[in-house]
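Please read the structure below before turning to the comments.
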């Protein structure tokens, strides 16, 4: 038993992903430069950052302000509305089938995130723990498939869902997640590889089944990576525009997701399309579609940053 | 991605443990166990294998076959037409134009995005307090759905009333008609995508924090200026990450669709500038507005080959330019 391979230390786990709660380390200041000069440098740096931060926050502040303005003032660029119209937030529900859109979006995003987390972690455990012929080849295929441009399979995938009889439903928007997703599988495999193999061998000797290894040991230990995958997919699904555009655009507006609905509202409210230019409702809807993402980010910031950072640290 | 990840893939599947040969029965038991383990392994990866077969292998082959046919969506029949679709593509001036637009956009967006991301990451990397706050602020746009971003920037970029031109006018600059004047259409989309630059920034920040501090200490003892340190230490040490971002962002830029569609192609009201007709948009129009699936499949394959070639060239160049820690003396 002593010759069991100790699991490879995964670079992902070792490479210390950026943590939200850890102070960012400063490179040692050059010993030659004077203290005053350094302080000036620090102030300039902070001023620059503050300026960029203001520029990055401005569009969101602008959106919040615009969502509270009456029709004629949406374009006036005031961050504090001249006239505050709280009724926008009441009337938007009558103006647009927003409730149906939100329900659709939540349902699809929850289904996608749950299914892709389960399927990807099962497949990832398969690649991390088991030894079987052609494993390297299959894993190479998986990595290569991440490079495949999504635009290339758009048309045939549409035909596949059509031939399965799922056009007109929202199944095409989440059905693919049943099969796992290459990037998430890669991400979770890294975590499973950092679990010492002895742990699994010991459980095997105690009579644990293979699925038991996954359910009782691997998955609970790698729960943080599952959270990353869940949050990533929830966001991706919530924000997705192309898939609803292709699969839902031909149904009634009640079937839309929020992003597709907003695009629809932008068009129907436009004066060139016979609307009255009620863009304040588009702004309310845009704010409402953004808000859940900001809340999720507030709670899961660490996971988002870690997940993104680890994507680049593989090399 | 595949390339940068390759070393990990090789490392992950370690050598089999030397089978302890303690006579025949043990050996046979071992092989039975090994076979059972292999079967279980296949069972675990089955979902992905099935998905790969359906949504990649079948899908790509179907697309290849489709590109040589005239597909009728209402009757589900495909009539073989040989190279007709490819001939149409070669003769269509809009194909060349949309490809030109796409390349132009990628050449503008990718370097700018990486430069801005690197500048922001470098700024953040030297901050002791408040770095977390700034990073959060920079990341918020990345969380904002594209459709919300588009509805905001549609008004911010408005040539007459938009906030961006009002800001420019403070400095006496007469801002352009961003969304109308053809030369400014692509920069508009770049500005929009720069707002979401935080993804690349976070990756670069992680890379910057992995550069050993001793290198900077040694360099400053030798009297190297900050600028010199940046180009002689920082850039080479993070070159593999920069390279990764170039590849990934190029692939994304060549498929640009959402922003262009939302800003310019939501409706056919005559405000659809040719300057924003990217290849992805043109492909979408062929497939889901004209339902010419055969032609769209040919376009998809053309795009695939183009992306493949460009990525291949980048990988070749990268081999010479990128420093991988531990791989060279």
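Chains as they are written, first to last, in the numbering used here: chain Y, 2 to 316; chain R, 93 to 421.
C-beta: ideal position from N, C-alpha, C; glycine also.
Contact annotation: in the stretch 206-235 of chain Y, residues whose CB is within less than 7 Å of a CB in chain R are 211. Contact of residue 389/R with chain Y by beta-carbon distance below 8 Å involves 156 and 157.
Chain-order list of chain Y residues neighbouring residue 415/R: empty, with the shortest C-beta distance near 11 Å, by a criterion of under 9 Å.
Boundaries of the beta strand (DSSP E) around residue 172/R: 169-172. Counting C-beta pairs closer than 8 Å gives fewer than three between the stretch 258-269 of chain Y and the stretch 130-141 of chain Y, which falls short of the contact rule. The contact set of residue 126/Y on chain R, defined by CB atoms closer than 7 Å, consists of 136 in chain order.
In the three-state reduction of the DSSP assignment, residue 77/Y falls in the coil class, being assigned neither a helical nor a strand state.
Across the structure, residue 256/R and residue 88/Y are spaced so that their CA atoms are roughly 28 Å apart. Residues of chain Y with a Cβ closer than 8 Å to the Cβ of residue 238/R are, in chain order, 240, 242 and 260. Here the stretch 257-277 of chain R does not lie against the stretch 290-298 of chain R, with fewer than 3 beta-carbon pairs under 8 Å apart. Annotated as distal: residue 243/R and residue 243/Y, with beta-carbon spacing of 8 Å or more. Neighbours of residue 252/Y in chain R, taken as residues whose beta carbon is under 8 Å from its own, are absent, since the nearest beta carbon is some 14 Å off. At least one beta carbon of chain Y lies nearer than 8 Å to the beta carbon of residue 146/R. Within chain Y, the residues whose beta carbon sits less than 8 Å from that of residue 233/R are 57, 60 and 61, listed in sequence order.
With the criterion set as a beta carbon lying under 8 Å from some beta carbon of chain R, the members of the stretch 66-97 of chain Y are 67, 75, 76, 77 and 78, in sequence order. For residue 302/Y, the C-beta contacts it makes with chain R under 8 Å involve 228 and 231, in order along the chain. Neighbours of residue 40/Y in chain R, taken as residues whose beta carbon is under 7 Å from its own, are absent, since the nearest beta carbon is some 12 Å off. Interface criterion not met: the Cβ of residue 115/Y is under 8 Å from no Cβ in chain R.
If the five residues before and after residue 173/Y are omitted, its C-beta is found closer than 6 Å to the C-beta atoms of 162, 167 and 248, all from its own chain and listed in chain order. In the DSSP assignment, the residues bridged to residue 162/R are 171/R.
For residue 207/Y, the three-state secondary structure derived from DSSP is coil. Under the DSSP assignment, residue 331/R falls in the alpha helix (DSSP H) whose first and last residues are 331-346. Proximity of residue 120/Y to chain R, defined by a Cβ-Cβ separation below 8 Å, is satisfied. Contact of residue 129/R with chain Y is assigned, a C-beta pair being separated by under 8 Å. By the rule that beta-carbons nearer than 8 Å mark a contact, residue 298/Y touches chain R.
With respect to the 8 Å criterion, residue 159/R and residue 372/R are not classified as neighbours on the basis of their beta carbons.
Contact note: residue 291/Y reaches chain R through 236, 237 and 240, using a C-beta cutoff of 7 Å and chain order. Between the alpha carbons of residue 189/Y and residue 181/Y lies a gap of roughly 11 Å. An exposed status is given to residue 137/Y, since fewer than 16 other beta-carbon atoms sit within 10 Å of its beta-carbon. Per the C-alpha coordinates, the member of 226/R, 339/R and 173/R positioned closest to residue 302/Y is 226/R. Separation of the CB atoms of residue 254/Y and residue 265/Y is rounded to 6 Å, and the pair is thereby assigned contact status at 8 Å. Using a Cβ-Cβ cut-off of 8 Å, residue 192/Y does not count as an interface residue toward chain R, since no Cβ of chain R sits closer than that to its own. For the options 222/Y, 304/Y, 228/Y and 160/Y, the alpha carbon positioned closest to that of residue 168/R is the one of 160/Y.
In the three-state reduction of the DSSP assignment, residue 135/Y falls in the coil class. Think of a sphere of 7 Å around the beta carbon of residue 396/R: the chain Y residues whose beta carbon falls inside it are 150 and 153, in chain order.
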